[in-house]
Amino acid sequence: MPNAEHPFDVAVIGAGIAGASVAAELATAGAKVVLIEQESQPGYHTTGRSAAVYSPIYGPQPIRALTRASLLFFENPPAGFAERPLLSPIDAVFVARADQLDQLDAMEQELSDASTVSRIDQDALYERLPLLREGYAVAALWDTGTSEIDVAALHQGYLRMFKEHGGTVMTRAPVTGLTHGAEAWQIATPQGDIRARKVVNAAGAWADALGHMAGAERIGLTPKRRTALMVAAPAGYDTRSLPLTIDVAEEFYLKPDAGKLLISPANEDPEPPCDVQPDEMDIAICVDRIERAFDVSVKRVESPWAGLRSFVADKSPVAGFSRKVDGFYWLAGQGGYGIQSAPGLAQYAAAELMGKPVPEHILAERLDPQTIQPDREGLGL
Ligand SMILES: Cc1cc2nc3c(=O)[nH]c(=O)nc-3n(C[C@H](O)[C@H](O)[C@H](O)COP(=O)(O)OP(=O)(O)OC[C@H]3O[C@@H](n4cnc5c(N)ncnc54)[C@H](O)[C@@H]3O)c2cc1C
C-alpha cells in the first residue's frame, strides 16, 4: 500500500470523527488520501464515547457557528450515506437553582439571538419536568433546537464515503515519526513508511504529541476526562417524555436513552492522553448530584465509561496550517462538541487543504476563521 514513488496528497492521522469526516470530504473532492489509525477499530477513543447530542446553543461561539453550519449535512447527507436519519429531535432544558440564577441570566443573554430558546419559570418547569425534585430548581431555559445524533451511523457513513471515493484506511498503524523531506512528509508506522504532501493532525487527545513529533508549534491541548453511566429509570416512568436536562453550571446532565437514564457529573478532569477509564469518585459524585436534583434513587450503576474531551485555552477548535512547519494541518481541540460540529468543520478544513475559499454556508453562520487558527492569541505554552 505505501508507495515511495507516488506520495499521497494528504495523510490524515486519527480515524475518529474528525479524521474520518475530513478524509471523506478530501477524497470526494478528488484528493488521494490515506487515513491512518493506531487502533484496530476507528472510533475506539473519544468518538465512540460521546453523549451523542447536537445542540447549536452549546459551546463557544465558533463551535456554535460550525454546529449550525453542520445542520445541512446532518439533514441532507449524500445519497446512501446512512440508512436512517442522522438526527432525532429532543427538547433540552438548562435548569438553575436559586443560587445559579446569575448564570442562567448570563446564558440567556449570550443566547439572545437563538430563536429556539425561551425562559420558563418554576411552575412551567415542574409541569414539563415532574421528575425534578421538589424545590430543587427555580427557573430554566428551554430549547427546542436540540437533537440526538446517530454517531455510529455518522462515523461509519464517513468511512464508507471515504472508501467509495478511493480512500485508503490503515488501522493498527500508530504513527511513530514524522519528517518533512524536500517534496513530502515521511510518516513512520510499524507497517512501513508512507509519504504524503500534506499531513492532517486529527489525533484527538494525542494532537499536541503528534505536533511535537512533526516539529510544529504547541497548541496547549489539555485532554479532560468526562465520565458517564447508565441507570434504570424510576419504575413505570416513560422516559420518552423526558428532555435532555443539563445543570446551567454544567454540574450534571441527564438524558433519556432507550428506556434508561444516561447520567454524567459533567466532569472535566485533566488526564494525559490514554485509554481513559471511569473513576469510582466520578461515579459517586454523579449519583449524588442526580439524586439531589431528581426523584431518582440509583440502585445499580450500569456500564460506566469515560472519554477524553480535549481543549485548548479558549475551548474553540484549532483548524489551520502550522505556521512553523510546511504542509502540517491542525484539526484538534474539538472538546465536548466534536460530533455536532464535525460536518461543518470537515468542509471548512477540506476547503483550506485544497486551497479553496471557506464555503459560503459556513461564513453565513458567522464563523470568523481567525478564531480557530493555530496562531490566534492565547494558544500554546
Ligand atoms: C462523555 C463524553 C460525552 C460527549 N458528548 C458529546 C456530545 O454530546 N456531542 C458532541 O458533539 N461531542 C461530544 N463529546 C465530544 C466528542 O466525542 C469529541 O469532540 C470527538 O469525538 C473528538 O473526535 P476526534 O476525532 O478529534 O478524537 P478521537 O475520536 O479520539 O480520534 C482521534 C484518533 O486519533 C488516533 N491517534 C492518536 N494518535 C495517533 C497516532 N500517533 N497514530 C495513529 N493514530 C493516532 C486515536 O487512536 C483516535 O482514534 C463527548 C465526549 C465525551 C468523552
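In the numbering used here, the protein residues as written are 713 to 1093. Yeah, the Cβ is synthetic: ideal placement off N, Cα and C, and Gly gets one too.
Helix, strand or coil at residue i [DSSP, three-state]
i, result
"Ala947", "coil"
"Pro714", "Its pLDDT being 49, under 50, Pro714 is placed unreliably in this model, and the value from its coordinates should be taken loosely. Coil, per DSSP."
"Gln1052", "coil"
"Val999", "helix"
"Ile725", "strand"
"Arg884", "coil"
"Val734", "helix"
"Tyr770", "coil"
"Asp981", "strand"
"Ser752", "coil"
"Thr828", "coil"
"Gly889", "strand"
"Glu860", "strand"
"Gly760", "helix"
"Leu1091", "coil"
"Ala743", "coil"
"Arg952", "helix"
"Ala1005", "helix"
"Leu1057", "helix"
"Pro1081", "helix"
Opening and closing residue of the beta strand (DSSP E) in which residue i lies
i, result
"Phe806", "Ala804 to Ala808"
"Tyr838", "It is not in any beta strand (DSSP E) - Tyr838 instead sits in the alpha helix (DSSP H) that spans Gln834 to Arg840."
"Arg1012", "From DSSP, Arg1012 is part of no beta strand (DSSP E); its letter is neither H nor E."
"Gln773", "Careful: Gln773 lies outside any beta strand (DSSP E), inside the alpha helix (DSSP H) at Gln773 to Glu787."
"Glu1032", "Residue identity differs from the one stated: residue 1032 is Gly in this sequence, not Glu. Looking at the DSSP string, the run of the beta strand (DSSP E) that includes Gly1032 is Val1030 to Phe1033."
"Leu1066", "Correcting the residue identity first, residue 1066 is Met in this sequence and not Leu. Neither: Met1066 is in no beta strand (DSSP E) and is coded neither H nor E."
"Asp855", "Ala851 to Asp855"
"Lys875", "First-last for Lys875: Val863 to Glu876, but that is the alpha helix (DSSP H), not the beta strand (DSSP E)."
"Asp959", "Leu956 to Asp959"
"Ala1044", "Phe1040 to Ala1044"
"Pro801", "Leu799 to Pro801"
"Lys972", "Lys972 to Ser976"
Close-in-space but distant-in-sequence residues of the same chain around residue i (CB under 7 Å, 5 per side omitted)
i, result
"Glu737", "Ala1058, Gln1059 and Ala1062"
"Gly1081", "Here residue 1081 is Pro; the residue named in the question, Gly, does not match the sequence. Same-chain partners within the cutoff: Val1070."
"Gln971", "Rather than Gln, the amino acid found at residue 971 in this sequence is Gly. Contacts found: Ala945 and Thr951."
"Ala658", "Nothing can be reported for residue 658: it is not among the residues displayed for the chain, which extend from 713 to 1093."
"Arg1035", "Glu929, Pro1086 and Asp1087"
"Val918", "According to the sequence displayed, residue 918 carries Trp and not Val. Here the set comprises Pro985."
"Thr856", "Asp803 and Thr828"
"Leu784", "His1073"
"Gln898", "Thr891, Asp905 and Arg907"
"Gln989", "Ala1018"
Residue range of the alpha helix (DSSP H) that includes residue i
i, result
"Ala818", "Leu813 to Glu822"
"Leu966", "No alpha helix (DSSP H) contains Leu966, which is instead part of the beta strand (DSSP E) from Tyr965 to Asp969."
"Ile1074", "Glu1072 to Leu1075"
Cβ-based neighbour list, residue i, same chain, cut-off 6 Å, excluding 5 preceding and 5 following
i, result
"Gly760", "none"
"Met882", "Ile748"
"Tyr770", "none"
"Asp994", "Thr939, Pro977 and Asn979"
"Leu871", "Ala732"
"Ile1051", "Ile729, Ser762, Ile861 and Val863"
"Ala900", "Thr888 and Gly889"
"Ala1054", "Ile729 and Ser733"
"Glu962", "Ala978"
"Leu866", "Leu798"
Contact set for residue i: own chain, Cβ-Cβ below 8 Å, skip 5 residues either direction
i, result
"Ser1015", "Leu941 and Met942"
"Thr758", "Gly728, Gly916, Ala917, Gly1019, Leu1020, Arg1021, Ser1022 and Gly1050"
"Thr934", "Pro982, Ser1022, Phe1023 and Val1024"
Legend entry - Continuous alpha helix (DSSP H) assignments of at least 4 residues falling wholly in the region 893-940: Complete alpha helix (DSSP H) runs here, min 4: 919-926.
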